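Peer 1:
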Amino acid sequence: MAYVIKMDSITKIYQMGEVKVHALRGIDFKVNEGEFVSIMGPSGSGKSTLMNLLGCLDTPSSGEYFLEGINVNSLNKKQLADIRNHKIGFVFQGFNLLPRTSALENVELPLIYDRRGRIKNPRKAALEALDKVGIADRGHHQPNQLSGGEQQRVAIARALVNNPAIILADEPTGNIDTLTSVDVMTVFQKLNNEGITIILVTHERDIASYARRIVKIRDGKVRKEIIEENPRDAKKDLEELKKGQAFEEEIQ
Amino acid sequence: MRLIKNLLKSALKSIAKNKTRSLLTSLGIIIGVSAVIIMVSIGQGASAQIEEQISALGENLIIVFPGSAATGGVKLGAGTYVRFTLEDVKKLKEEGTLFNGVSAIVRTGGQIIGGGNNWATSVLGVSTDYTKIREWPIKEGEFFTDRDVVGKRKVAVLGKTVADELFPNENPVGERVRIRNIPFTVIGVLSEKGQSPRGTDEDDVILTPYTTALYRLKGGRYIDMILVSAVSKDQITQAQEEIRTLLRESHRLHLWQDDDFRIRTQTEIIERATETSKVLTLLLGAIAAVSLIVGGIGIMNIMLVSVTERTREIGIRLSVGARSGDILIQFLSEATVLSLTGGIIGILLSIGVAFLINRFTSLSALINPGIVLLSFLFSGGIGVFFGFYPARKAANLNPIDALRYE
Ligand SMILES: Nc1ncnc2c1ncn2[C@@H]1O[C@H](COP(=O)(O)OP(=O)(O)OP(=O)(O)O)[C@@H](O)[C@H]1O
Ligand SMILES: [Mg+2]
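These protein sequence lines are chains A and B, in that order.
For our numbering, add 71 to where a residue sits in the first sequence, where the first one is 1.
For our numbering, add 133 to where a residue sits in the second sequence, where the first one is 1.
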């Protein structure tokens, strides 16, 4: 089976004046089509750096990165922009939605820059994406009129609106409570079931175990890989959590 | 196409979000554009006025004044002739080949009595060519003939104003008037001419044969000036040269002697007037252009601020697949829309100001669609030019650096 992602001894060195920060020290990382991978590691271990490289937002200091067999290092700025647009959906920890712009328009944004003209009706596609993440009724709200969980869903809708092959999510549940986090994980599991490759960074072991494979990195290197024989089912967990909450409320 | 439309839309949106700021930013362009249009309009209004005056006087008109151009007293003493004589006029009339008409002018004036009324006006003694030279047709009756001139007959042609003053309710033709107590027969009335370039009433005049004016009214020998009209506008220079040759012959001037007369054409007189207004227009136009450039720098400044403020937005757009070129176009169109809006407001403002100028001042402002279009395009050009640097700065941002920007 072909790898969607194949990284060979990737390094990333940040130059801070005189000081060199070795954020990544030789990462070898492969992902199959349709996989759901979690990346875990302590703060400062290089998770975000890795995600930015995977998302073609940044370039490595050395090493090779193949995306669907294409050597990303050989691409120019324009081609990288098109890859970000066509193949990758990125979900940021801080949402990164355009302020004072409606949820719908935020979700439409990637379609504006798609020159392939595949999607004839961007408004409709954006609505469908919002529907997929369960907030179709919030289309006309601006980010500051949405809760954290809702904002994260808008961000996920934006990531999936252009039918990418891969969704990269850097701590998507970092800013939201447990219930909402599990709720967001149901969305990712649903998308994964539809065939989209998902790579997700998280600090929480609970969240990581919704994936089939967990990759642990430390000091810029992959240290350990764990295969979850029985990944958790977010939908089930959500139902139980909701039941528990209802029970608590009853007691009070 | 969809892309361009969307980029334009987001440009418009960001301008609309900061209305006050956008307006203040465009102020420089607004002032610059309206200043340019008003300056040029006033300049063109002035030259149109002047041109109108030329054609009122007759385009091919040449005026010959007595006296040397060099006003040194010594030179004057050397010349015998300080006035023109009947011979000068006769020579020009008979030997000239490039003239459409030649007329002596003898100026006098006085109290006129006629039709039981009294009116003080100027009396001009002229030749039969006068109406042709001035392109001033007779309205009633007829003009005098060469026979009247030779016979020094006491015939008069009244200007419209004089006719109205003396004979308000009747046709003056055939009536008698007394000029300084000498009886004249009215044989014609001139059509209305209106105001002269100097603002005097041209119709307030009585024309008589110049011989009559000279011998019966003035008692002198000298003619005040000579009007000549060239056969065509292109021949004016040659006609001037011919006048010069003929008059020098007539005055028997030696080679080393200067002309004792001055030849002026309408174009020369007009040119001198337009020259001044041109210099003024140019100067004011330059000031206006400088204010346009200042306006452009204002736009560049605010666009740089905008790029810095919106670094994160640029990062977001890049992260979802915007190319550098897309970011460039977005900011460039924002700057251009900003300056074009300023341009449009400036154009509207200048039209308003031109209206007020025409209404309330003696100046005339003539708005030319060409200059309106030009300043519209120019303001757009300023947006592109001064927007380019900030837009390129935005486009050259690296996605991850832009996203991390605090
Ligand atoms: N732009 C930068 N310039 C310099 N050093 C950087 C830069 N970005 C990251 N680093 C450094 O690289 C290392 C890895 O950072 P990274 O953000 O990838 O960590 P992380 O694993 O995502 O941590 P966290 O879990 O806290 O998000 C850190 O030591 C960090 O200080
Ligand atoms: Mg991180």
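Note that CB positions come from ideal geometry on N, CA and C, so glycine has one too.
Since this is a predicted model, take the numbers as computed values, not measurements.
1) Just to confirm, does K118 of chain A get its C-beta within under 7 Å of one of the non-hydrogen atoms of ligand 1?
2) Find out if the Cβ-Cβ distance for the pair A279 of chain A, M78 of chain A is shorter than 8 Å.
3) Identify whether V453 of chain B lies in helix, strand or coil by the three-state DSSP scheme.
4) Kindly indicate if chain B contains any beta-carbon less than 8 Å away from that of D153 of chain A.
5) Name the chain A residues whose beta carbon is nearer than 8 Å to that of K150 of chain B?
6) For the segment 214-273 of chain B, list the beta strand (DSSP E) runs that are entirely contained and at least 3 residues long, ordered along the chain.
7) Going along chain A, which residues have a C-beta under 7 Å from E446 of chain B?
8) I need the DSSP call for N123 of chain A, collapsed to helix, strand or coil.
9) By DSSP's criteria, T153 of chain B is part of a beta bridge. Which residues make up the other side?
10) Along the segment 139-153 of chain A, where does the CB come closer than 8 Å to a CB of chain B? Name the residues.
11) Assign R395 of chain B to one of three DSSP states: helix, strand, or coil.
12) With hydrogens ignored, establish whether the beta-carbon of D290 of chain A is closer than 7 Å to any heavy atom of ligand 2.
13) How big is the Cα-Cα spacing for N301 of chain A and R284 of chain A?
14) Taking contact to mean at least 3 C-beta pairs separated by less than 8 Å, is the segment 405-421 of chain B in contact with the segment 136-150 of chain B?
15) Would a check of beta-carbon distances place S495 of chain B closer than 8 Å to chain A?
16) Give me the DSSP bridge partner(s) of A289 of chain B.
17) Along chain A, which residues have their Cβ under 9 Å away from the Cβ of N491 of chain B?
18) Spatial neighbours of L461 of chain B within its chain, please: CB distance less than 8 Å, with the 5 preceding and 5 following residues excluded, ordered by chain position.
19) Using 7 Å as the cut-off, classify the Cβ of V232 of chain A as near or not near the heavy atoms of ligand 1, replying yes or no.
20) What is the residue span of the beta strand (DSSP E) that I206 of chain A lies within?
21) In chain order, what residues of the segment 241-254 of chain A put their CB closer than 9 Å to some CB of chain B?
22) CB of Y522 of chain B to nearest heavy atom of ligand 1: below 7 Å?
23) For ligand 2, is there a heavy atom less than 7 Å away from the beta-carbon of E242 of chain A?
24) Which residues of the segment 523-536 of chain B have a Cβ closer than 7 Å to any Cβ of chain A? Give them in chain order.
25) Please report whether the beta-carbon of N234 of chain A lies at a distance below 8 Å from any beta-carbon of chain B.
26) In terms of residues, what are the limits of the beta strand (DSSP E) holding T622 of chain B?
27) What residues in the segment 176-192 of chain A have a beta carbon less than 8 Å from any beta carbon of chain B?
28) With a threshold of 7 Å on Cβ separation, who are the neighbours of G242 of chain B within its own chain once the five nearest residues in sequence on each side are excluded?
29) Note down the Cα distance separating G212 of chain B from H387 of chain B, rounded to an integer number of angstroms.
30) Can you name, in chain order, every residue of its own chain whose Cβ lies under 8 Å from the Cβ of L481 of chain B, other than the five neighbours on each side?
31) Check whether the Cβ atoms of V92 of chain A and I81 of chain A lie closer than 8 Å to each other.
32) Which residues in chain B have a C-beta closer than 9 Å to the C-beta of L128 of chain A? List them in chain order.
33) Please report whether the beta-carbon of N215 of chain A lies at a distance below 8 Å from any beta-carbon of chain B.
Peer 2: On the basis of the data shown:
1) The count along the first sequence starts at 1 and reaches residue 118 of chain A at position 47. Flag set: Cβ of K118 of chain A near ligand 1.
2) Taking the first residue of the first sequence as 1, we reach residue 279 of chain A at position 208. Taking the first residue of the first sequence as 1, we reach residue 78 of chain A at position 7. In this structure, M78 of chain A does not lie closer than 8 Å to A279 of chain A by Cβ.
3) Stepping through the second sequence from its first residue, residue 453 of chain B is reached at position 320. Coil.
4) For the purposes of this step, residue 153 of chain A is taken as the residue at position 82 of the first sequence. Using a CB distance cut-off of 8 Å, D153 of chain A counts as an interface residue toward chain B.
5) Within the second sequence, the letter at position 17 stands for residue 150 of chain B. What K150 of chain B touches in chain A: R171.
6) Runs of the beta strand (DSSP E) inside the segment 214-273 of chain B: 232-247, 250-259.
7) Stepping through the second sequence from its first residue, residue 446 of chain B is reached at position 313. Ordered by position in chain A, the residues that pass the 7 Å Cβ test against E446 of chain B are L169.
8) Mapped onto the first sequence, residue 123 of chain A falls at position 52. Helix.
9) What you label residue 153 of chain B is simply residue 20 of the second sequence in a count that begins at 1. Bridge partners of T153 of chain B: none, in fact.
10) K148, K149, A152, D153
11) Reading the second sequence from its first residue, position 262 is the one you call residue 395 of chain B. In the structure shown, R395 of chain B sits in a strand (DSSP, three-state: E or B).
12) Position 219 of the first sequence, counted from the first residue, corresponds to residue 290 of chain A. Checking every heavy atom of ligand 2 against the Cβ of D290 of chain A, none is found closer than 7 Å.
13) Residue mapping note: residue 301 of chain A aligns to position 230 of the first sequence, counting from 1. Residue mapping note: residue 284 of chain A aligns to position 213 of the first sequence, counting from 1. C-alpha separation (whole angstroms): 10 Å.
14) They do not touch, by the three-pair rule.
15) Residue mapping note: residue 495 of chain B aligns to position 362 of the second sequence, counting from 1. No, no contact with chain A.
16) Indexing the second sequence from 1 puts residue 289 of chain B at position 156. A289 of chain B pairs with B:V319.
17) Stepping through the second sequence from its first residue, residue 491 of chain B is reached at position 358. Per Cβ cutoff of 9 Å: no residues; N491 of chain B is ~45 Å from chain A at best.
18) Residue mapping note: residue 461 of chain B aligns to position 328 of the second sequence, counting from 1. Excluding positions up to five away in sequence, the list reads A524, R525, A527, A528.
19) Start at 1 with the first residue of the first sequence, and residue 232 of chain A comes out as number 161. Result no, Cβ not under 7 Å from ligand 1.
20) One-based indexing of the first sequence puts residue 206 of chain A at position 135. Per DSSP, I206 of chain A belongs to no beta strand (DSSP E) and is neither H nor E.
21) none
22) Residue mapping note: residue 522 of chain B aligns to position 389 of the second sequence, counting from 1. For ligand 1, not one heavy atom lies less than 7 Å from the Cβ of Y522 of chain B.
23) Start at 1 with the first residue of the first sequence, and residue 242 of chain A comes out as number 171. For ligand 2, at least one heavy atom lies less than 7 Å from the Cβ of E242 of chain A.
24) P532, I533, L536
25) By 1-based counting over the first sequence, the position of residue 234 of chain A is 163. N234 of chain A does not count as touching chain B.
26) Coverage of chain B is limited to positions 134 through 539, which leaves residue 622 of chain B absent and any answer about it impossible.
27) Along the segment 176-192 of chain A, the positions whose C-beta sits under 8 Å from a C-beta of chain B are L180, P181, I183, Y184, D185, R186, G188, read in chain order.
28) The sequence position of residue 242 of chain B within the second sequence is 109, counting from 1. Excluding residues within five positions, the ones whose Cβ falls inside 7 Å are T254, S255, V256.
29) Taking the first residue of the second sequence as 1, we reach residue 212 of chain B at position 79. Taking the first residue of the second sequence as 1, we reach residue 387 of chain B at position 254. A caution first: G212 of chain B carries a pLDDT of 44, below 50, which makes its placement in the model unreliable, though a value can still be read off. Cα to Cα, G212 of chain B sits roughly 10 Å from H387 of chain B.
30) Looking up residue 481 of chain B in the second sequence gives position 348. Excluding residues up to 5 positions away in sequence, nothing lies with its Cβ nearer than 8 Å to the Cβ of L481 of chain B in the same chain.
31) Here residue 92 of chain A is taken as the residue at index 21 of the first sequence, counted from 1. Here residue 81 of chain A is taken as the residue at index 10 of the first sequence, counted from 1. No, these two residues do not count as a Cβ contact at 8 Å.
32) To locate residue 128 of chain A, count along the first sequence from 1; it is residue 57. Under the 9 Å cutoff, chain B gives G448, L451, S452, N531, P532, I533, L536.
33) The count along the first sequence starts at 1 and reaches residue 215 of chain A at position 144. For N215 of chain A, the answer is no, since every Cβ of chain B falls outside 8 Å of its Cβ.
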